[in-house]
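Just below is one structure, and these are the notes that go with it.
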Amino acid sequence: MKLRRTLSPPRGRFSTHVVWTFAARVLMAVNSVITGIIIARWLGAGGLGVYAVLSVAVANAVQFGGAGLASANVYFIARERQHLAPAALNTLVFSVVTGGALALIVVGLAALKPALFGDIPLGLLAVAVAATPFHLISLLSLNIFLVEGRVDRYVLLDLLGQSFILINAVLVLLVFGAGLRQLVFLNTVTLVVVGIGIAWVMYRYLKKQGVVAAWRLDVGLFRRMMRYGIKYNVLMIATMLVLRADLLIVNVFRGATEAGVYSVASQGALMLLMLPTVIASLLFPRVAAERDAAGKMTCRVTQQTVLVMLIACLAAVPASFALPVLYGASFADSTIQLLILLPGVYLFGLESILVQHFVGTGLPRVILLFWAATVLISIVLNLALVPLFGARGAAVSSTLSYSLIFTLVIVYFRARTGNSFASILLPDMTQVRELIALLRPQNFLSRRV
Numbered sequence: 011m012k013l014r015r016t017l018s019p020p021r022g023r024f025s026t027h028v029v030w031t032f033a034a035r036v037l038m039a040v041n042s043v044i045t046g047i048i049i050a051r052w053l054g055a056g057g058l059g060v061y062a063v064l065s066v067a068v069a070n071a072v073q074f075g076g077a078g079l080a081s082a083n084v085y086f087i088a089r090e091r092q093h094l095a096p097a098a099l100n101t102l103v104f105s106v107v108t109g110g111a112l113a114l115i116v117v118g119l120a121a122l123k124p125a126l127f128g129d130i131p132l133g134l135l136a137v138a139v140a141a142t143p144f145h146l147i148s149l150l151s152l153n154i155f156l157v158e159g160r161v162d163r164y165v166l167l168d169l170l171g172q173s174f175i176l177i178n179a180v181l182v183l184l185v186f187g188a189g190l191r192q193l194v195f196l197n198t199v200t201l202v203v204v205g206i207g208i209a210w211v212m213y214r215y216l217k218k219q220g221v222v223a224a225w226r227l228d229v230g231l232f233r234r235m236m237r238y239g240i241k242y243n244v245l246m247i248a249t250m251l252v253l254r255a256d257l258l259i260v261n262v263f264r265g266a267t268e269a270g271v272y273s274v275a276s277q278g279a280l281m282l283l284m285l286p287t288v289i290a291s292l293l294f295p296r297v298a299a300e301r302d303a304a305g306k307m308t309c310r311v312t313q314q315t316v317l318v319m320l321i322a323c324l325a326a327v328p329a330s331f332a333l334p335v336l337y338g339a340s341f342a343d344s345t346i347q348l349l350i351l352l353p354g355v356y357l358f359g360l361e362s363i364l365v366q367h368f369v370g371t372g373l374p375r376v377i378l379l380f381w382a383a384t385v386l387i388s389i390v391l392n393l394a395l396v397p398l399f400g401a402r403g404a405a406v407s408s409t410l411s412y413s414l415i416f417t418l419v420i421v422y423f424r425a426r427t428g429n430s431f432a433s434i435l436l437p438d439m440t441q442v443r444e445l446i447a448l449l450r451p452q453n454f455l456s457r458r459v
């Protein structure tokens, strides 16, 4: 007999989990911002540009190497808890092997086509991508805690690992007065240690749950996970390309200095997307477990996200003028770039919630086609606009691309669920009151979504 249970936490805890996870993401973002400021001040825009491109290269390698299996874990374990141990081992072994292979492929591409990474030395790139398998281990292990409803461990371990980025920058640049090479090397060593540590914590958790006896490879499950994972990975790769390929294109056509300036604006946009990303990550296992074909839960969460993202984007307008103050006068254009990005960021945040309905119900291929079209249009726009207008052209391209994918997904969501646009997007007064109550300090951790 199959063991089945809903792995999502009780409904009353959803907003608590959102608050804690978002708070951790804010701290992580602050770490990243401070790290960027330190690098910009000590190594200049060129140094920050190289660092940003290396970070994007590693992130892309992780996305390719994971093959979507981290999210396949969430999908299959949320539906059948008996898959917990074999799914964890399947994806762990696969990602170690594939992550290593992807690191070699990235280095090989850089050796054959140096122009792909601009002026970045091959050796420095090799050191950065060497951490890919261990980055994957961390990702897979953390997702196990997420689907199990252990958001506390998920948040704390994720925050702990990311905090070393700032610690390393302080030690290497401020304390020892070293340079970018030493910083990249220490980051790689740290990722290796953190990955192994998180995997050990996950193993101890599984042992405590009494499922270590089922700790074996399951080929049949692996095939099903691969089918789902590949679809999910296509979605995530497309998302990453739309969000980050513009930085690489700016680096190729305009150089590391302008890429460094644009990386600040891009970082601001990604910070604004943190909250919908957090909500989406917690909504996904709930949709998968409850199999809500009518999309009512997704509509309710989207309605509140409409309000929250509106507040965040409006607040970002005056905040954008502080960027040159924080990073230096050479980053003045990052303000204009971020302002151009804001309309698209708002719509992209809503799309990231709506698409969880499809991710949690099997991920139909039409969603992948939507993203494929968006990636193609985004690349064409970037190649047309960046050589002429530089980073501002990249910002325009991104806003248009974000708006396109939002339009495609919401129209399809309406068609599949029968919900009207108003019921999807417009919160009623109850929603407004709930949001206001949630923001009150005394209710901050107790309101229900």
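Taken in order, the sequence shown gives residues 11 to 459; the numbers are from this note's numbering.
Note that CB positions come from ideal geometry on N, CA and C, so glycine has one too.
Remember, predicted model here, so these are calculated numbers, not experimental data.
- Relative to L216, the option among R233, A266, L94, L282 whose CA is nearest is L94.
- Non-local C-beta neighbours of Y412 in its own chain, meaning closer than 7 Å and more than five positions away in sequence, comprise G354, V355, L357, F358, ordered along the chain.
- Pairing T308 with L364 gives a Cβ-Cβ distance under 8 Å.
- When secondary structure is reduced to three states using DSSP, G265 falls in the helix class.
- Q219 sits exposed, since fewer than 16 C-beta atoms from the chains shown fall within 10 Å of its C-beta.
- Residue state for I389 is assigned as helix, using DSSP reduced to three classes.
- Here the C-alpha atom of V84 lies approximately 6 Å from the C-alpha atom of P295.
- Listed in chain order, the non-local C-beta contacts of A67 below 8 Å within the same chain comprise V116, F127, L135, A138, V139, local neighbours out to five positions each way being set aside.
- By the Cβ neighbour-count rule, K123 is exposed, with fewer than 16 other Cβ atoms within 10 Å of its own.
- Looking at the backbone, the Cα of V157 and that of L170 are separated by about 19 Å.
- In its chain, beyond the 5 residues on either side, N83, F86, I87, L231, M235 have a beta carbon closer than 7 Å to the beta carbon of A97.
- Pairing I346 with A382, the inter-Cα distance amounts to about 29 Å.
- If you look at D162, you'll find it in the alpha helix (DSSP H) that goes 161-179.
- If you draw a straight line from the Cα of E268 to the Cα of D438, it is about 44 Å long.
- Taking all protein chains shown into account, S25 has 16 or more neighbouring C-beta atoms within 10 Å of its C-beta and is therefore buried.
- Short of 7 Å from the beta carbon of V385, and not among the five residues preceding or following it, lie these beta carbons of its own chain, in chain order: A248, L251, V252.
- Rounded to whole angstroms, the gap between the alpha carbons of N429 and Y242 is 25 Å.
- By the 16-neighbour rule on beta-carbons within 10 angstroms, L227 is exposed.
- Closest by C-alpha distance to P374, out of I240, V165, M38, P397, is I240.
- In chain order, S105, L146, L149, N243 place their CB closer than 7 Å to the CB of G76, counting only its own chain and leaving out the 5 sequence neighbours on each side.
- Listed in chain order, the non-local C-beta contacts of A111 below 8 Å within the same chain comprise G75, local neighbours out to five positions each way being set aside.
- Burial is judged here by how many other beta carbons sit within 10 angstroms of a residue's own beta carbon; L379 has fewer than 16 and is exposed.
- Residues I208, A209, M212 of the same chain have their beta carbon placed closer than 6 Å to that of S151, with the five preceding and five following residues left out of the count.
- Around the beta carbon of F423, 16 or more other beta carbons lie within 10 angstroms, which makes this residue buried.
- When rounded, the separation of the alpha-carbon atoms in L317 and S362 is 15 Å.
- With a cutoff of 8 Å on beta-carbon distance, L58 and S276 are scored as not near each other.
- Take the alpha-carbon of L190 and the one of A329: they are about 29 Å apart.
- L351 sits close to A405, with the two beta carbons spaced by under 8 Å.
- When the Cα atoms are used, F368 and M319 turn out to be separated by approximately 21 Å.
- Note on geometry: alpha-carbon atoms of A34 and Y164 lie some 10 Å from one another.
- CA-to-CA, the gap between T315 and R254 works out to about 23 Å.
- Residue burial annotation: R214 is exposed, with fewer than 16 other C-beta atoms found within 10 angstroms of its C-beta.
- In this structure, L293 and V311 form a Cβ contact; the two beta carbons are roughly 6 Å apart against a cut-off of 8 Å.
- Minimum Cα-Cα distance from L119 among the listed residues Q92, A71, R237 corresponds to A71.
- About 25 Å separates the beta carbon of L360 from that of S344, a gap too long to meet the 8 Å contact definition.
- With respect to the C-alpha of V203, the residue from P143, V161, V262, T417 having the closest C-alpha is P143.
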